[in-house]
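Undergrad: Below are the structure tokens for one structure; questions will follow.
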Amino acid sequence: MDWSPILISMKIASLSIFITFFLGIFAAWAVVSMKNETWKLIWDGVLTLPLVLPPTVAGFFLLYIFGVKRPVGQFFIEYFSVKIAFSWTAAVIAAVVMSFPLMYRSARGAFEQVDQNLASAARTLGMSEWSIFWKVLMTGGMPGVVSGGVLAFARGLGEFGATAMIAGNIAGKTRTLPMAVYSEVAAGNMDTAYRYVAVIVVIAFLSIILMNWAALRPVNRKG
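So the sequence shown is numbered by the UniProt record's numbering: it starts at 1 and just counts up by one.
See the structure below:
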């Protein structure tokens, strides 16, 4: 069995969750802090859109933006000598875009469940919004934030449709675990496909265990 899809998937998922984790948290904080309900609904719809779009459609938009003949793609080629489309970077971008809504919505739900009276009391004591974010929202919403991070990591690891559109299925470069499963099945190598599937199932199961542990830990501590 070729181990490169496993290594590539883990690298992509690790980098994508590092980016998605912080983007999702601060996006959730920004939306929760909005006073205008109309703008809050609009931004929530925009940030959640990749979750409901078919992955191939999301990949189409990414290819439209970062394609070699598109302004953004040409900009990176001309000024940085970097081709985004059909590269390892493209696979990371696809994983970030598709996993971001899970991180964002989990973090937003966690922040909204924090008692707002605590934040109001902190303001009366003279705490800055930044301090309130870290000491009140993040502390109170940490289980939901961690769960969102675990889900986003698993989603990035299992990304297929958008990755296929913008990064392709290049062996040793952009062939991730889902791509490897598809390739082996298409080639009739079912034994190898079974092994890749087993790896994905184990990682997914461990992700669920970690998410449940993060959610139950505060309850056990209170008990």
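By construction, the Cβ of each residue, glycine as well, lies at the ideal position given by its N, Cα and C atoms.
These figures come from a predicted structure and were not determined experimentally.
#1: I think residue 281 touches V31, with their Cβ atoms under 8 Å apart; what is that distance to the nearest whole Å?
#2: Decide if T20 is buried, meaning its Cβ has at least 16 other Cβ atoms within 10 Å, or exposed.
#3: Please classify G41 as buried or exposed, where buried requires at least 16 other C-beta atoms within 10 Å of its C-beta.
#4: Counting C-beta neighbours from all protein chains within 10 Å, is the total for S9 16 or more, i.e. buried, or is it exposed?
#5: Around the Cβ of A90, are there at least 16 other Cβ atoms within 10 angstroms (buried) or fewer (exposed)?
#6: Tell me, please, whether the stretch 165 to 182 touches the stretch 145 to 152 by the rule of three or more beta-carbon pairs shorter than 8 Å.
#7: Exposed or buried, what is L157 when buried is set at 16 or more other beta-carbons lying within 10 Å of its beta-carbon?
#8: Could you tell me whether the stretch 54 to 63 touches the stretch 93 to 105, where touching means 3 or more Cβ pairs closer than 8 Å?
#9: With contact counted as at least three CB pairs below 8 Å, one residue from each stretch, are the stretch 134 to 149 and the stretch 113 to 124 in contact?
#10: Here's a check: name, in chain order, each residue in its chain whose Cβ is nearer than 7 Å to the Cβ of M103, leaving out the five neighbours to either side.
#11: For V197, tell me which candidate among P178, G188, M211 and V145 has the shortest Cα-Cα distance.
TA: Result, derived from the coordinates:
#1: Residue 281 cannot be examined here, being either before or after the span of the chain that is shown, 1 to 223.
#2: buried
#3: Here residue 41 turns out to be Leu, not Gly, going by the sequence shown. Looking at its Cβ environment, which holds fewer than 16 other Cβ atoms inside 10 Å, L41 is exposed.
#4: buried
#5: buried
#6: no
#7: buried
#8: yes
#9: yes
#10: T20, F21, G24, G148, G149 and A152
#11: V197 has its Cα closest to that of P178, out of P178, G188, M211 and V145.
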